[in-house]
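Following: one structure in structure tokens, then a few remarks.
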């Protein structure tokens, strides 16, 4: 009996499971469909169920999703959503979330993972496009996690075996998967042998002999992502020739999407393999010229982009080597642009006539005329003077034509070539053109022409006006006329007015270091008044006109001289009143609230500029201070408007105010502190956090030891920030620097934070000591980090100087010296780090004195590094080094 | 695969004004941080000791002192004092006599060279001392003050030294100060800088002479202090060429032309710190070739027939030199002291009589001196032992320039040894 009951029990259990499994499978399909229902209530309920399922049983949830995706019996909509949810369970935009998901996947039971992967690979053979296409994306995500861990070694092999299957859709899905995979994983985790096989499969799929367009398109798109894997193959002439031939042939495919994808490959090749292009450039020119002339716009745009990208490369090379190529240069300049110059220019000038009506009102517009003019501008920067004679005939021929397209194209061509050629080459033409432009800006009947004309005037002022230009374009005689025209034009339609503001911005900027007397002084009042009027226009929200007006006002204030200081002072209550008004508005809709936020940002930005300006000289600072209390209370109200996040602009402005106010800023601290803390907690908007960290530094220097009561809170928050992997890494170096600011302000009171700050500095120092194998971006970041760490050490040493507690720093001295030695040995620090590092050596010697003398004498830094810095050409490095030498000399000789 | 957006910025400046505001803010913050660090580095590290006397102050000297007598005396006031530490900025704020007393203590004073030191060629520098008034030049808070050895102000003027004038472009923190050890040379109205004590607030007291001279030369060159006088720079400064104590060096300073009138040679030990008061690690030596004032003159500028010395009278009637460890030259009778109305601490003038000075084991054994009277009111200090001896030797068996040269060449020969013959043919 016992035996029988056990059997029965097992039967029962098994059936229950089967039943449950079936129930769940049916259930998930319905839930997935419901989650896409038009009925919001149904949708919400379904989303809830999915969430619950995921939380209660993650492996089961993922398994049933992969089963759903793989099952040919299920509706396409539920399969597709199952795949998307699966994909989102593997990856996220935010760095910290992504990290969590990766860890979660890796810790799943391997049987579960294998089952899911099997389902995914199986789905690739599905005839349903949505199913196999979703599966290929999910496979790539899994590959992105597992390949770097040396897991799923059989993936690439099994994908490649699919390639030879007959059904075209399997081949297509497999090529797509390979493409997505190359996008997800970095080339160094795939063996060259496998890379070769992938590339062979992809390039074969692209070949003209491939009859199926879907396969050929998938292959071409896959190549785009696989190009980064082809470093070795591009150094092999035969393989490179083959790849290039196939890509070029694909640009001639009858299918527009394939042509577009093939040109995308060419654009990518132009930047990745610039130095390999010489044998193909003539053919590519012919192909692109034909596409620009005849092909459909998406293809023509890519063809133009190819040349823009070549310009980017050559501009970079020429900037880096200054045109002086020796055997040492990494990449030589092949002067592709110069060689093709006349043909390229005439090809691009043709495109300028293909404008769209009203393209200036459309923020997202991008068409062949815009791309052509942009490329022309890049060419001017690449070749300089040589472009001028090639463009001038086009301008002269078209600028007075009755057809607005010709006038606009001529003006746009002129504006485009103003950056690059020498002022000597341009000035004579600009002198003639200036009057014509001023007159066109007032009289031309076409808004498009006026928009481009105002923009061109701005470019003239940006590149040909300023203290570095020898022959001034703007003289005593035409200054008044220029300003009159620009102020007049600021009353035009928003897009034209916005460009006029932009021109005025650069006009003011040109007088930045004009000395004590500015030619703008007589017009200052009128300019400011006109800009304020623009900000009040009903249509100032269009074409970012209001923003442009405030930005121009900021620049006019920044570049103003003592002569107009009283007028800048008068501006303070005006802007304060504007800010006050934004705070009075009640019961705003979310749309209105957003506008209010934006306006408050602009006004706080403007106040920040004014505070910085007036605070920079003693007499104006003194008068300005009468407004300090009111301004501060406005800023606090701006903060109070926003519940969770702190207004970045208000924070920047408060930093400027603290700098100007000095020790008196202490009276605002009690009220301000909570917003300061809030800013430091803002991980999501890391710019806000970064700005707040900077403001902590401002306040430290303003208050000095009066900041002490707030330091516990600030330090706690900063330490939290440092240990968070949610926070954008760019904020971490300034946080270290901020430790230094705090220590310098509170001196030996920093004692209680040493036990927290020092180990963090120490481990960050160890991480940043070596950069071997890092790319440029990583090296740059490492140097920022080093600089932050070193500034912290400097501040801490100087803070403790002459205090009875300097001994507390002794235990850290040897590590810090080792850190200096190791970054010296690494030979990849930049000048800023060098200056800070040698300063730290001095600070250490200065504060620890004879106690550290033997440590110092043993260190490499006190010899080779110091000597190298002493003979540096960089004045700042030399100065720091001399100081360090002095401090060491004292420490050793005492 | 995501669509590749190929739009480029169109009719837009490369950076937004907001980005510009951020960048300008970062620039300002970085600059402020550098300023704060520099301020910390160069401040408060040079606290000089002010010994404020509990005893009644010395008489304040109104008339300038005969300049060649200024050189080598030191205040022998015992340090029975309450110590107060002041830095030079605080000291500058002291009232007249306080400041004078404080500054009077701050100069390093050479002993007279009575024999050639060991390792002369290796450890010593030499330069020709400009004739003129030895003084401290302090620049801070937009002004420059020079003070003579007795603390009285020589000039109050704007200079191109750091913070030495109220000009806009003065670099460094406004409170930072610099102290130079100078000799004011009357005929070309130039301050010759012979040592640097403090630069932009950073003290060099604890640095070796080698380092101080390096620092002096490189830092002075960075300012415009050596430029000809102008509105914000009333007097020219100049450094003095310093040589190693080898044959070339000695010949250069002794025979070579200088833009200034020479008054002897100064020798600095390379490893010595700046030590206030008398020190055997700086030495002065003179002969007729390089000084007008080899033998002391009286107040009328005449060389007395007998050597005169100034000694300080002690409570017990002993007559002592101004050295830290005073040397006793003799003793006055209590009767004589009372009869002549003398008091302890008086500086008394004596003539060295025919009996002269006699020595045993390098120490003074006997001195035949004769009382002449109280010394000039301008005298602040008794003579130092080395000065008395040097003056005595000048009159009897001087240490000649050739002796210096010989010391140098013998040490060269010794250093080279037999295996390393220098070809000089």
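Protein chains in written order, with UniProt numbering: chain C, 1 to 894; chain Z, 1 to 425. We treat Cβ as the ideally placed atom computed from N, Cα and C, and that holds for glycine.
Using a CB distance cut-off of 8 Å, residue 793(C) does not count as an interface residue toward chain Z. Identification of chain C residues near residue 36(Z) by a Cβ-Cβ cut-off of 7 Å yields 701 and 744, ordered along the chain.
Rounded to whole angstroms, the gap between the alpha carbons of residue 703(C) and residue 453(C) is 50 Å.
Within chain Z, no C-beta atom comes nearer than 9 Å to that of residue 165(C); the closest sits roughly 22 Å away. The three-state reading of DSSP puts residue 80(C) in helix, counting H, G and I together. Taking 8 Å as the upper bound for CB-CB distance, residue 471(C) and residue 427(C) are in contact here, some 5 Å apart.
In the three-state reduction of the DSSP assignment, residue 865(C) falls in the helix class, which pools H, G and I. When only Cα atoms are considered, residue 121(Z) and residue 893(C) end up about 21 Å apart. Cα atoms of residue 385(C) and residue 861(C): separation of roughly 48 Å, rounded to the nearest angstrom. In this model, residue 12(Z) and residue 832(C) are separated by some 31 Å (Cα to Cα). By the Cβ neighbour-count rule, residue 274(Z) is buried, with 16 or more other Cβ atoms within 10 Å of its own. If you ignore the 5 residues before and after residue 63(C), its C-beta comes within less than 7 Å of the C-beta of 112, 115 and 116, all in its own chain and listed in chain order. Where residue 838(C) is concerned, the enclosing alpha helix (DSSP H) starts and stops at 831–848. Using a Cβ-Cβ distance cut-off of 8 Å, the region 241–256 of chain Z and the region 277–284 of chain Z are not in contact, since fewer than three pairs of beta carbons, one from each stretch, lie closer than that value. The residues 236, 259 and 260, in chain order, have a CB closer than 8 Å to that of residue 188(Z) in the same chain once the five nearest residues on each side in sequence are set aside. Rounded to the nearest whole angstrom, the C-alpha separation of residue 363(C) and residue 7(Z) is 11 Å. The distance from the Cβ of residue 528(C) to that of residue 556(C) is about 7 Å, consistent with a contact at the 8 Å cut-off. At a cut-off of 8 Å between C-beta atoms, residue 270(Z) does not count as an interface residue with respect to chain C. Of all residues in the region 180–209 of chain Z, the ones placed with a Cβ closer than 7 Å to any Cβ belonging to chain C are 202, 206, 207 and 208, in chain order.
Interface with chain C (8 Å Cβ-Cβ cutoff): residue 167(Z) is excluded. In the structure shown, residue 143(C) falls within a helical segment according to DSSP collapsed to helix, strand and coil.
In this structure, 600(C) is the residue among 341(C), 300(C) and 600(C) with its C-alpha nearest to the C-alpha of residue 641(C). In the displayed model, residue 382(C) falls within a helix according to three-state DSSP. When Cβ-Cβ separations below 8 Å define contact, residue 281(Z) makes no contact with chain C.
Nearest Cα to residue 223(Z) within the set 199(Z), 245(Z), 131(Z) and 353(Z): 199(Z). Close partners of residue 215(Z) in chain C (Cβ separation under 8 Å): 882 and 886. Between residue 386(Z) and residue 111(Z) the beta-carbon gap is near 4 Å, inside 8 Å, which marks them as a contact. With a cutoff of 8 Å on beta-carbon distance, residue 234(Z) and residue 157(Z) are scored as near each other. Here the region 78–98 of chain C makes no contact with the region 40–47 of chain C; the two share fewer than three CB pairs at distances below 8 Å.
A straight line joining the alpha-carbon of residue 159(Z) with that of residue 202(Z) spans about 19 Å. Residue environment: residue 27(Z) is assigned as exposed (fewer than 16 neighbouring CB atoms within 10 Å of its CB, all protein chains considered). DSSP, read as helix, strand or coil, puts residue 308(Z) in strand.
Residue-level contact by beta carbon fails for residue 161(Z) and chain C, as no gap is shorter than 8 Å. Neighbours of residue 103(C) across chain Z, judged by C-beta separation under 7 Å, do not exist; the nearest C-beta is about 25 Å away. Under the DSSP assignment, residue 119(C) falls in the alpha helix (DSSP H) whose first and last residues are 110–123. Following the DSSP letters along the chain, one finds residue 365(Z) inside the beta strand (DSSP E) bounded by residues 363–374.
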